[in-house]
Amino acid sequence: SWTIDRRHIELGLRFCVALWRFWWRQGYVAEGRRYLDQLLAHSSQVQDAALLRLRSQALHGAGVLARVHGDLAQAHAMHEQNLVLRRSLQDGPGTVASLNSLGVVAMFTGDYDRAEACFSEGLVLAQTQGHEREIYTVKLNQGVVAMYQGDYARARALHEEVLEYHRRNGEMNSVAASLGNLGDVLRYQGDHAHAHTLLVESLELMRRLNDRAGASITLTSLGRVALCQGDADRALIYLAESLRLQRETGDQSNMGDLLEATAHAAAMKRQWSRGARLCGAAAAVRASTGVRASPADTEEHARCLESVTQNLSAERMAILIAEGRELSIEQLGAELADLRRDAPMEF
684 SWTIDRRHIE
694 LGLRFCVALW
704 RFWWRQGYVA
714 EGRRYLDQLL
724 AHSSQVQDAA
734 LLRLRSQALH
744 GAGVLARVHG
754 DLAQAHAMHE
764 QNLVLRRSLQ
774 DGPGTVASLN
784 SLGVVAMFTG
794 DYDRAEACFS
804 EGLVLAQTQG
814 HEREIYTVKL
824 NQGVVAMYQG
834 DYARARALHE
844 EVLEYHRRNG
854 EMNSVAASLG
864 NLGDVLRYQG
874 DHAHAHTLLV
884 ESLELMRRLN
894 DRAGASITLT
904 SLGRVALCQG
914 DADRALIYLA
924 ESLRLQRETG
934 DQSNMGDLLE
944 ATAHAAAMKR
954 QWSRGARLCG
964 AAAAVRASTG
974 VRASPADTEE
984 HARCLESVTQ
994 NLSAERMAIL
1004 IAEGRELSIE
1014 QLGAELADLR
1024 RDAPMEF
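Residue numbers for the sequence shown, in this note's numbering: 684 to 1030.
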């Protein structure tokens, strides 16, 4: 705030570049976006090459925070702007990072062809310039796209390769993320016991690293595995903790998945009215953020919605869906608490 008030733009940008990952992982997304947006506005006319490089790093952070905050349009615009800037600066690793981020945004919106095009271009550039870490960052996201497209063999091979690289280099944040991604692939393949083991390892590591945003995503995945195993009560334990962390971090990228999984748990417990409200809440989040589920999870949610619809009148269903669309995050927490009333309390 002091740097903004006194127009010490370079120093302010340096603070933002140092802090944006902290703002993301520790739950200060809105605060981070506010500071980044102000300093980026104040630095929009800079010409000095060193300041432009600093601005590009801040712009990258602002794009990531916009994405996790559910503002995909703004994230796309920032990464597109940054891609042009980084190319003009001949910043090879930065260009790869911008292509990777654009691919992630495209992946979130369900445009897998566009995502793969961005990742492929970034991978070729990283390989040509010998940027090893960037190579594996792109491969991680290629594995996610392959998983979403149902190519589980390719997805598994990529995630295992990335996991081995990060273990070898001691990059534990990336190890935790890779374990979570590999666990998701195994869930889709039907290997639920192995998926659970890897996801628990990922969660324990994220807790040790105090990565609350990552832990929330992994908890949702654990909830989905428990649902696949027919254990709605255990799923709700994981999902309630995921919701608590999402409330703290402000990360909206996983909220649709969380609510759809919770609706599935409600349907398994034959809580049809609550399931309908949760389906409405999930639909509202999908509409507001633009984040789409994977095709496999979309099909699973469609089956859940069908089972709820079959047990309610059309009029009642419409009322409950509308109610769900208006639920606050505190009310969603109450819905989960009611569903968990008879669930065991231990993990």
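Even glycine gets a Cβ: it sits at the ideal position worked out from N, Cα and C.
- When the beta-carbon positions are compared, Ile900 and Arg1023 stay at least 8 angstroms from each other.
- In the structure shown, Val974 adopts coil according to DSSP, grouped into three states.
- DSSP places His752 in the coil class of the three-state scheme, outside both helix and strand.
- Secondary structure in the region 713-770: the alpha helix (DSSP H) runs of 4 residues or longer, each lying completely within the stretch, are 732-751 in chain order.
- Residue environment for Trp707: buried (at least 16 other C-beta atoms within 10 angstroms of its C-beta).
- The region 930-943 makes contact with the region 959-967, as at least three CB pairs between them are under 8 angstroms.
- Judged by beta-carbon spacing, Ala898 lies beyond the 8 angstroms limit of Leu922, meaning their Cβ atoms are not closer than that value.
- Per DSSP, reduced to three states, the secondary structure at Ser684 is coil, with no helix or strand assignment.
- The beta carbons of Gly775 and Gln812 sit about 4 angstroms from each other, so the pair counts as a contact at 8 angstroms.
- In summary, Thr932 is buried, with 16 or more beta-carbon neighbours lying within 10 Å of its beta-carbon over all protein chains present.
- Every alpha helix (DSSP H) stretch that sits fully inside the region 954-1024 and reaches 4 residues is listed by chain position as 955-972, 978-993, 997-1008 and 1012-1022.
- Per DSSP, reduced to three states, the secondary structure at Asn783 is helical.
- Counting of Cβ neighbours within 10 angstroms places Val974 among the buried residues, the total reaching 16 or more.
- When rounded, the separation of the alpha-carbon atoms in Gln832 and Pro978 is 7 angstroms.
- At the C-beta level, Ser739 and Gly777 come within 8 angstroms of one another.
- Going by DSSP, Asn824 is part of the alpha helix (DSSP H) stretching over Glu815 to Tyr831.
- A direct Cα-Cα distance of roughly 10 angstroms separates Arg851 from Val845.
- For Tyr921, the enclosing alpha helix (DSSP H) covers residues Ala915 to Thr932.
- For the pair of segments examined, the region 856-867 was found to touch the region 817-833: the number of CB pairs separated by less than 8 angstroms reaches three.
- With respect to Leu1019, Leu892 sits apart: the two C-beta atoms are not nearer than 8 angstroms.
- Annotated as distal: Leu723 and Ala756, with beta-carbon spacing of 8 angstroms or more.
- The C-alpha of Ala713 is placed about 22 angstroms away from the C-alpha of Arg689.
- 8 angstroms or more divides the Cβ of Gly873 from the Cβ of Ser885.
- In the structure shown, Gln912 falls within a coil segment according to DSSP collapsed to helix, strand and coil.
- Straight across, the Cα-Cα distance linking Val883 with Gln912 is about 15 angstroms.
- Under the DSSP assignment, Gln810 falls in the alpha helix (DSSP H) whose first and last residues are Tyr795 to Gln812.
- Straight through space, the alpha carbons of Ser784 and Gly715 are spaced by roughly 18 angstroms.
- When the beta-carbon positions are compared, Val767 and His814 stay at least 8 angstroms from each other.
- Taking C-beta atoms under 8 angstroms as the contact rule, Arg837 and Ala829 qualify, at a distance of about 4 angstroms.
- Nearest to His875 by C-alpha distance, out of Thr992, Leu905 and Met855, is Leu905.
- Bounds of any alpha helix (DSSP H) do not take in Leu772, whose DSSP letter is neither H nor E.
- For Tyr871, the uninterrupted alpha helix (DSSP H) segment begins and ends at Met855 to Gln872.
- For Tyr835, the enclosing alpha helix (DSSP H) stretches over residues Tyr835 to Asn852.
- DSSP, read as helix, strand or coil, puts Gly695 in helix.
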